[in-house]
Amino acid sequence: MLLLLDLDNTLVDRDLAFREWVSGFVADLGGNSADREWLMAADANGYASREKLAAGIQERFALGTSIPDLVHRLLFDHVESIACYSGIKDGLVRQ
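Going by the working numbering, the letters in the sequence shown line up with residues 2 to 96, in that order.
Right, here's the structure in full:
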């Protein structure tokens with residue numbers, strides 16, 4: 002079994018997928034561009050604690066959503082949008 006981890010966005014563009022999710026998420030909450038930029042900065046390229054980020058979201062948007070539910074969304078809602086950079090899959094197959 003092969004396990005690949007991309008901790009620095011060299012294989013996939015996690016930030017792009019997360020930014021796309023943030024745009025929809027913030028729009029659904031009635032937020033604006035300042036809210037989107039706040040959330041992207043607070044995410045710290047995925048390095049911020051999901052629990053602390055969820056608490057920040059809960060406070061900023063006055064949500065009744067639980068921290069565990071927000072953490073789940075932060076971890077998984079954008080995953081389907083993550084794609085490998087061009088050439089990565091071919092390079093892995095050649096190995």
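Idealized CB from N, CA, C, for every residue including glycine.
Near residue i, which residues of its chain fall below 7 Å by C-beta distance, leaving aside the five closest residues on each side in sequence?
{"i": "Leu-76", "result": "Arg-51"}
{"i": "Met-41", "result": "Arg-20, Val-23"}
{"i": "Asp-9", "result": "none"}
{"i": "Arg-37", "result": "Val-23, Ser-24, Val-27"}
When we look at the beta-carbon of residue i and count the other beta-carbons within 10 Å, is it buried (16 or more) or exposed?
{"i": "Leu-54", "result": "buried"}
Can you give me the C-alpha to C-alpha distance between residue i and residue j, rounded to a whole angstrom?
{"i": "His-73", "j": "Ala-35", "result": "23 Å"}
{"i": "Leu-93", "j": "Ile-68", "result": "37 Å"}
{"i": "Ile-89", "j": "Val-27", "result": "31 Å"}
CB residue i to CB residue j, shorter than 8 Å?
{"i": "Leu-30", "j": "Cys-85", "result": "no"}
{"i": "Gly-57", "j": "Arg-15", "result": "no"}
{"i": "Ser-87", "j": "Ala-18", "result": "no"}
{"i": "Gly-32", "j": "Phe-62", "result": "yes"}
Less than 8 Å between C-beta atoms, sequence neighbours within five positions excluded: which residues of the same chain meet that for residue i?
{"i": "Ala-49", "result": "Ala-43"}
{"i": "Gln-59", "result": "Thr-66, Ile-68, Leu-71"}
{"i": "Val-80", "result": "Ala-18"}
{"i": "Trp-39", "result": "Arg-61"}
Can you name, in chain order, every residue of its own chain whose Cβ lies under 6 Å from the Cβ of residue i, other than the five neighbours on each side?
{"i": "Asp-78", "result": "Trp-22"}
Give a yes or no on whether the minimum CB-CB distance between residue i and chain D is below 8 Å.
{"i": "Gly-32", "result": "This model lacks chain D altogether; it includes just one protein chain."}
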